Each structure stands twice: as structure tokens, then as C-alpha cells.
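One structure is given here, and the rest of the page talks about it.
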Amino acid sequence: ITYFIKKEDFKSAKNYLIKFDENINEVNKDLSEQVKMIGYICKAKYYSISNENVDQGVKYINKSKNLYEKNKYKSLFQDIDILIDKIEGNLYYKIGKYDIACNLHKRGFNKSIKRSKNRSVIEFHKLLSKDYEKLQDYPKSIKHLKLYMELKENWLDKQSQKYTEILLKEND
């Protein structure tokens, strides 16, 4: 589902979300709440990116938050709360509630820093830059945009070096 959302193939994403709804009851009972939580996150992400009803996205992100809170100590998925903060912030950004979006993105950003989630930190810099721009706090917007660009470039360089090392080892 997230593959189709990233490719902006919303028709396919929606079809798979419908299939998810149709098959949710076939999931192992011990895992059903966690699978539902992921499904709700996918639905919220779909509504945060597509041009459909954003209120539906807010409904689904709230359902996923409730399931996360209920099951956070037995969750199979790490850092799902960071993803929830990101998607919820994106939903509020989309409906023009930039102050709420900014607070949610800051919360996800701080969690990402505490857990050393470098890719998330980079992504949150971009989101915070957009939030601050809409809030007309241009110095903070520019600061986060510069950090996003710098960290993204460094991350890409490191990934390229790792890939090169792997290729060299394979060819030795």
C-alpha cells in the first residue's frame, strides 16, 4: 500500500486498502490489533497525500494512536509512534492547522533525535521547514531547510560509500 502511495498511484493504493478491510478478520487474533494499527496508519497516510477527505485521515490516525497506546509494550513495530506523529502532522498541515502540524513534527523530531533515527531527523527538518514557512517564521524555516539539505547530502554520501564498499567486496 505504501509503495503505491509513494508512487502516487492512488487508485491501486485505494484498491489494496479495500482488500485490507475485506481480509482483516482472517489475521491471527494475537496480531489483529497491530495489523489494524498498521492498516489505519496506511489509510491515514493515503488521506494525507491524496486529495480525498482529510478528515478521514485524522479519524484513522486517531484510531492508530489509540491502538498504539493500548499495545505499545507488545508492538512488533519499532518507532511506530514517530511515524504516527509524522502522518498526523502532515494531515494537520494539509488542512491548514500549521501550529498543530509544527508541534507534532517537533515531537516526532525530538523522538527521532533521542533514538538516533538519522533518516527521520532529516525528514523532520524538511517538514519543520515547511511548517515554519506557513507560520511565517522564516528564520526557523530557513534554518531547518539548510539542515535538511546538509544532512541529506551527508546521508547520501555515506550511503554511496557503503554501497561502493559492498561492490568492492563482491568483486574481490
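Take any residue in the sequence shown, count from 1 to its spot, add 203: that is its number in my numbering.
Glycine included, C-beta positions come from ideal geometry on N, C-alpha and C.
All values reported here derive from a predicted model rather than from experimental measurement.
Backbone CA spacing between Tyr241 and Lys329 [nearest angstrom]: Stepping through the sequence shown from its first residue, residue 241 is reached at position 38. Stepping through the sequence shown from its first residue, residue 329 is reached at position 126. First, the residue type needs correcting, since residue 241 is Ile and not Tyr in the sequence shown. When rounded, the distance between both Cα atoms is 24 Å.
Rounded separation between Val261 and Ile204 - CA only: Position 58 of the sequence shown, counted from the start, is the residue given in the question as residue 261. Position 1 of the sequence shown, counted from the start, is the residue given in the question as residue 204. The alpha-carbon atoms of Val261 and Ile204 are separated by roughly 18 Å.
Chain-order list of residues whose beta-carbon lies under 7 Å from that of Lys239 (same chain, five-residue window excluded): The residue labelled residue 239 in the question sits at position 36 within the sequence shown. Correct list, in chain order: Ile227 and Leu270.
Tell me whether Glu255 sits in a helix, a strand or coil according to DSSP, three-state version. In the sequence shown, residue 255 corresponds to position 52, counting from 1. Correct three-state label for Glu255: coil.
If you draw a straight line from the alpha carbon of Glu336 to that of Lys365, how long is it in whole angstroms? Locating residue 336 in the sequence shown gives position 133, counting from the first residue. Locating residue 365 in the sequence shown gives position 162, counting from the first residue. Taking the straight line from one Cα to the other gives about 35 Å.
Start and end residues, alpha helix (DSSP H) containing Ile298: Residue 298 sits at position 95 when you count from the first residue of the sequence shown. Neither: Ile298 is in no alpha helix (DSSP H) and is coded neither H nor E.
Tell me which residues share the same chain as His391 and place their Cβ nearer than 7 Å to its Cβ, disregarding the 5 neighbours each side in the sequence. Residue 391 is absent from the model: the chain starts at 204 and stops at 375.
What residue range is occupied by the uninterrupted alpha helix (DSSP H) comprising Ser332? Counting from 1 along the sequence shown, the entry for residue 332 is found at position 129. Counting along the chain, the alpha helix (DSSP H) containing Ser332 begins and ends at Asn321 to Lys337.
Can you tell which of Ile345, Ile283, Val230 and Leu294 has its C-alpha closest to the C-alpha of Arg318? Within the sequence shown, the letter at position 115 stands for residue 318. Closest by alpha carbon: Ile283.
Rounded C-alpha distance that separates Ile252 from Ile208: As a working note, residue 252 is residue 49 in the sequence shown. As a working note, residue 208 is residue 5 in the sequence shown. In a straight line, the C-alpha of Ile252 is about 8 Å away from that of Ile208.
Hey, could you find the ends of the alpha helix (DSSP H) Phe223 is sitting in? Position 20 of the sequence shown, counting from 1, holds the residue named residue 223. First-last of the alpha helix (DSSP H) with Phe223: Phe213 to Asn226.
DSSP state of Ala316, grouped into three classes? For the purposes of this step, residue 316 is identified with residue 113 of the sequence shown, where counting begins at 1. Residue identity check: residue 316 is Ile in the sequence provided, not Ala. Of the three classes helix, strand and coil, the one that applies to Ile316 here is helix, per DSSP.
Taking 8 Å as the threshold (C-beta atoms), are Ile287 and Ile264 in contact? Here the question's residue 264 lines up with position 61 in the sequence shown. Here the question's residue 287 lines up with position 84 in the sequence shown. Result yes, Cβ atoms of Ile264 and Ile287 sit closer than 8 Å.
Identify the continuous alpha helix (DSSP H) that holds Asn357 and give its terminal residues. On the sequence shown, position 154 is the one that residue 357 refers to. Run containing Asn357: Tyr341 to Glu373, per the alpha helix (DSSP H) assignment.
When you compare only the Cα positions, how much space is there between Asp258 and Phe280? Along the sequence shown, one-based indexing puts residue 258 at 55. Along the sequence shown, one-based indexing puts residue 280 at 77. Each residue's Cα considered, the two are about 26 Å apart.
With distances taken from CA atoms, which of Tyr219, Cys245, Lys309 and Asn254 is nearest Lys268? Position 65 of the sequence shown, counting from 1, holds the residue named residue 268. Among Tyr219, Cys245, Lys309 and Asn254, the Cα nearest to that of Lys268 belongs to Cys245.
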